[in-house]
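To convert, note that position 108 of the sequence shown is 109 in the numbering used here; the numbers rise steadily by one, no gaps.
Every residue gets a Cβ at the ideal spot worked out from N, C-alpha and C, and that includes glycine.
This one's a predicted model, so the numbers in the text were calculated from it and none came from an experiment.
Below: the structure, in structure tokens.
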Amino acid sequence: TEKEWNDEKAYTAAAKSVLYAKPSADTIPIIGFGGTHYAVRQSVIGQETKGALGHMMHTRDVGSVKPEMVLQMAEKSGGAVAAHVDRKALSKPEIAHLTGILDALGIPEITEGDLIKLNSMSYEAWKKYSAAADEIEKGLKIFPHGEIADGEPAVISLPEDFFSAAFGKDSAPFISFLDETGGVFHVTGQGGKLMPAVLADAKNRRSVSGGLIALSVQQITRTQDCVVDEDIITINRRQFDARLARTLGIPSGPLFGKLSRGETVTLPDGRTITPDEVMMVTQTSIRIPGLEN
Numbered sequence: 002t003e004k005e006w007n008d009e010k011a012y013t014a015a016a017k018s019v020l021y022a023k024p025s026a027d028t029i030p031i032i033g034f035g036g037t038h039y040a041v042r043q044s045v046i047g048q049e050t051k052g053a054l055g056h057m058m059h060t061r062d063v064g065s066v067k068p069e070m071v072l073q074m075a076e077k078s079g080g081a082v083a084a085h086v087d088r089k090a091l092s093k094p095e096i097a098h099l100t101g102i103l104d105a106l107g108i109p110e111i112t113e114g115d116l117i118k119l120n121s122m123s124y125e126a127w128k129k130y131s132a133a134a135d136e137i138e139k140g141l142k143i144f145p146h147g148e149i150a151d152g153e154p155a156v157i158s159l160p161e162d163f164f165s166a167a168f169g170k171d172s173a174p175f176i177s178f179l180d181e182t183g184g185v186f187h188v189t190g191q192g193g194k195l196m197p198a199v200l201a202d203a204k205n206r207r208s209v210s211g212g213l214i215a216l217s218v219q220q221i222t223r224t225q226d227c228v229v230d231e232d233i234i235t236i237n238r239r240q241f242d243a244r245l246a247r248t249l250g251i252p253s254g255p256l257f258g259k260l261s262r263g264e265t266v267t268l269p270d271g272r273t274i275t276p277d278e279v280m281m282v283t284q285t286s287i288r289i290p291g292l293e294n
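Structure follows, in structure tokens:
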């Protein structure tokens with residue numbers, strides 16, 4: 002408060018604590034926008050991540066901030082490399098005004114979630130892998146598994162149909178594989194959709210790709226009716242055919258439900274209909290990718 006800032010002992014202690022601080026070599030200098038002088042979210046960032054906030058701007062000033070001021074904030078914060086924006090503390094017009102300035106100045110925005118992920122890697126590694134994800138599609142989010150080295154990133158992509166057949170209904174084995182492998186990222190798109198791609202160190206690309214392909218084949222053959230012929234998996238899918246059921250005189254309603262669940266039913270006229278009689282079998286052939294990925 003104003004009282005403490007007018008107290009010589011208090012402001013001297015605060016100033017010395019800043020001047021005597023010795024950031025570690027992997028500290029990430031950033032500037033902050035939004036919030037109050039209590040800096041609640043910013044304090045959490047300082048305590049739980051490598052993010053070191055220099056100059057921070059109160060919510061009330063963000064709407065009128067000029068590019069020159071933002072540049073000064075970055076320069077006088079140890080050469081800040083990114084900006085944290087407390088979006089919950091700002092209005093949409095304020096956010097639009099600020100992000101427009103940051104974009105024009107080439108200062109990337111970094112979230113609290115991003116900073117937490119950065120605990121397992123250097124900022125340089127984060128930038129490299131983020132750029133690699135942008136080459137797949139703009140706006141993707143990356144999630145590290147284990148410690149990430151400062152190597153060159155490689156993108157391991159699987160065909161969409163192959164990936165979906167393996168992990169579309171259960172992604173847990175995929176995530177477990179990445180956790181066990183370590184040094185890799187999974188990638189999500191809009192709405193948190195899991196993408197058929199993994200980011201890894203280029204020197205480990207072949208081993209990660211091989212393990213991922215083997216796991217995918219294992220998942221498909223374990224969970225579905227299929228046949229493997231060299232590099233082709235043919236999946237047989239059985240599904241209830243309502244049109245066929247009607248041609249057999251089965252009325253819509255509860256009997257449809259029983260047949261689709263694999264139960265045999267008896268019609269009012271005494272006939273017995275088995276699920277196999279009203280099932281349609283479709284086949285889908287998927288090529289197993291090689292290690293060229």
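Name the two residues that bound the continuous alpha helix (DSSP H) containing residue i.
{"i": "M74", "result": "68-76"}
{"i": "S165", "result": "161-168"}
{"i": "D180", "result": "173-182"}
{"i": "G230", "result": "Residue identity check: residue 230 is Asp in the sequence provided, not Gly. Taken as a continuous stretch (DSSP letters only), D230 belongs to no alpha helix (DSSP H), being part of the beta strand (DSSP E) at 227-230."}
{"i": "D62", "result": "60-63"}
{"i": "E3", "result": "3-6"}
For residue i versus residue j, is the C-beta distance shorter than 7 Å?
{"i": "V209", "j": "A215", "result": "no"}
{"i": "D232", "j": "I289", "result": "yes"}
{"i": "V282", "j": "R239", "result": "yes"}
{"i": "I32", "j": "H59", "result": "no"}
{"i": "L1", "j": "H146", "result": "In this structure the chain extends from 2 to 294, so residue 1 is not present and cannot be described."}
{"i": "D87", "j": "G152", "result": "no"}
{"i": "A198", "j": "I137", "result": "yes"}
Quick check on residue i: does DSSP put it in helix, strand or coil?
{"i": "R272", "result": "coil"}
{"i": "G47", "result": "helix"}
{"i": "K93", "result": "helix"}
{"i": "E293", "result": "Bear in mind that a pLDDT of 48 at E293, under 50, signals an unreliable position, so the number given afterwards is only what the model happens to contain. In the structure shown, E293 sits in coil (DSSP, three-state: anything other than H, G, I, E or B)."}
{"i": "E125", "result": "helix"}
{"i": "L54", "result": "strand"}
{"i": "H98", "result": "helix"}
{"i": "N205", "result": "helix"}
{"i": "I251", "result": "coil"}
{"i": "A22", "result": "coil"}
{"i": "Q240", "result": "strand"}
{"i": "A150", "result": "coil"}
{"i": "T265", "result": "coil"}
{"i": "T13", "result": "helix"}
{"i": "K110", "result": "Per the sequence shown, residue 110 should be read as Glu rather than Lys. E110: strand per DSSP, three-state reduction."}
{"i": "A132", "result": "helix"}
{"i": "A105", "result": "helix"}
{"i": "A40", "result": "coil"}
Between the alpha carbons of residue i and residue j, how many angstroms are there, rounded?
{"i": "F168", "j": "D277", "result": "27 Å"}
{"i": "T182", "j": "K4", "result": "55 Å"}
{"i": "V63", "j": "A53", "result": "20 Å"}
{"i": "L213", "j": "K17", "result": "53 Å"}
{"i": "P255", "j": "T267", "result": "12 Å"}
{"i": "V45", "j": "V82", "result": "19 Å"}
{"i": "L141", "j": "D135", "result": "7 Å"}
{"i": "N237", "j": "K259", "result": "21 Å"}
{"i": "E293", "j": "D226", "result": "Residue placement at E293 cannot be trusted, given a pLDDT of 48 that sits under 50; the coordinates are not used to answer."}
{"i": "T222", "j": "V228", "result": "8 Å"}
{"i": "K77", "j": "V66", "result": "16 Å"}
{"i": "F257", "j": "Q284", "result": "23 Å"}
{"i": "A84", "j": "I108", "result": "7 Å"}
{"i": "A1", "j": "P30", "result": "Residue 1 cannot be examined here, being either before or after the span of the chain that is shown, 2 to 294."}
{"i": "W6", "j": "Y21", "result": "19 Å"}
{"i": "V41", "j": "Q48", "result": "11 Å"}
{"i": "E110", "j": "K89", "result": "15 Å"}
{"i": "A150", "j": "S253", "result": "60 Å"}
{"i": "L106", "j": "S261", "result": "59 Å"}
{"i": "T13", "j": "V19", "result": "10 Å"}
{"i": "R272", "j": "D162", "result": "40 Å"}
{"i": "S25", "j": "F175", "result": "35 Å"}
Starting from residue i and walking both ways along the beta strand (DSSP E), at which residues does that stretch end?
{"i": "Q284", "result": "280-288"}
{"i": "L1", "result": "This structure cannot speak to residue 1, because the chain is shown only from 2 to 294."}
{"i": "V188", "result": "185-189"}
{"i": "V82", "result": "Looking at the DSSP string, V82 is not in any beta strand (DSSP E), and its letter there is neither H nor E."}
{"i": "A33", "result": "One detail in the question is off: residue 33 reads as Gly in this sequence, not Ala. That run of the beta strand (DSSP E) goes 29-34."}
{"i": "K142", "result": "142-146"}
Three or more C-beta pairs closer than 8 Å, one from the stretch 157-165 and one from the stretch 118-125: is that the case here?
With fewer than three CB-CB distances shorter than 8 Å, the stretch 157-165 does not count as touching the stretch 118-125.
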